[in-house]
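The opening position of the sequence shown corresponds to residue 73 in my numbering, with each subsequent residue numbered one higher. Have a look at the structure below before the remarks.
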Amino acid sequence: MPPPALLSLYYMAFIILGAILLWLPISHHGDIGLGEALFTSTSAVTVTGLVLADTGATFTGFGQAVIAALIQLGGLGLMTFAVLLLGALGIPIGMPQRLILREDLNQTSLSNLSYIARMILIIAVSCEAVGAALLALVFVPEFGWAGLWEAVFHSISAFNNAGFALHPDSLSQWVGNPIINLVIPALFILGGLGFIVVGDV
73 MPPPALLSLY YMAFIILGAI LLWLPISHHG DIGLGEALFT STSAVTVTGL VLADTGATFT
133 GFGQAVIAAL IQLGGLGLMT FAVLLLGALG IPIGMPQRLI LREDLNQTSL SNLSYIARMI
193 LIIAVSCEAV GAALLALVFV PEFGWAGLWE AVFHSISAFN NAGFALHPDS LSQWVGNPII
253 NLVIPALFIL GGLGFIVVGD V
């Protein structure tokens, strides 16, 4: 099977896994259908940002964590994490994995793919950590320690240009807050520029 087709199957399988996790009772308040769970999982992995219900009110902390993980894996690339995991376990990365990773990273060469994958993770985690720390200055005083999760979730969502928020009005209630108005757009821009561009800077 060609690498692009195989990569598509991997993403489809991951979307289905995410939908099953979001469908579990531990992931949501009340009841959501499998269709809504599948829609949310697809939206998160493809960083589309479309939702059928209020993310913060519908999903529990576990469900929100699943959504954040789906956003992160979809935004950074599923094969990026797979290659890093294989490397951490000391498992050699074969040519089939390299071909799929090349497709996932939209590269033309097979050289330095492991380095690029590590660079992507370092840049993403660094930007999201700084963003979360700054957002926590706003969210923690308002929501207590729960504000830390608010900061982390919105930092991940913004950096990956996912469009998910934990409030029904998104972040419009902080329209006059300078930290929110600077950090969120900065994360959008850094994530949107692409990891290769940011890494070269």
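By construction, the Cβ of each residue, glycine as well, lies at the ideal position given by its N, Cα and C atoms.
Quick one: which unbroken alpha helix (DSSP H) runs of 4-plus residues sit fully inside the segment 123 to 153? Chain order, please.
127 to 130, 133 to 148
How would you label N232, buried or exposed, when you count the other beta carbons within 10 angstroms and need 16 or more for buried?
buried
Tell me the DSSP secondary structure of H226 in three-state form.
helix
Between the Cα of P97 and those of V117, T112, F131, spot the shortest distance and give me the residue it belongs to.
F131
Please specify which runs of the alpha helix (DSSP H), each continuous and at least 4 residues long, are wholly inside the segment 179 to 253, giving them in chain order.
185 to 215, 218 to 231
Relative to the C-alpha of F111, which candidate in V224, G102, W95 has its C-alpha closest?
W95
Please work out which residues of its chain come closer than 7 Å, Cβ to Cβ, to D126, disregarding the five sequence neighbours upstream and downstream, and give them in chain order.
P240
Provide the residue span of the alpha helix (DSSP H) that contains G107, from first to last.
106 to 117
Closest residue to I194 among W221, L148, G219 (Cα-Cα distance):
L148
To the nearest angstrom, how far is it from the Cα of I192 to the Cα of G248?
32 Å
Measure how close the beta-carbons of S227 and L243 come, nearest whole angstrom, since I'm counting them as under 8 Å.
Between L243 and S227 the Cβ distance is about 12 Å, and since that is not below 8 Å, they are no contact.
Within 8 Å, strictly: CB atoms of V117 and F86
yes
Across which residues does DSSP place H100 in a beta bridge pair?
F131
Assign V264 to one of three DSSP states: helix, strand, or coil.
Residue identity check: residue 264 is Gly in the sequence provided, not Val. It is helical.
Rounded to whole angstroms, what's the CA-CA distance from S198 to W217? Just pull it up for me.
21 Å
Quick check: what's the CA-CA separation for G235 versus S229?
6 Å
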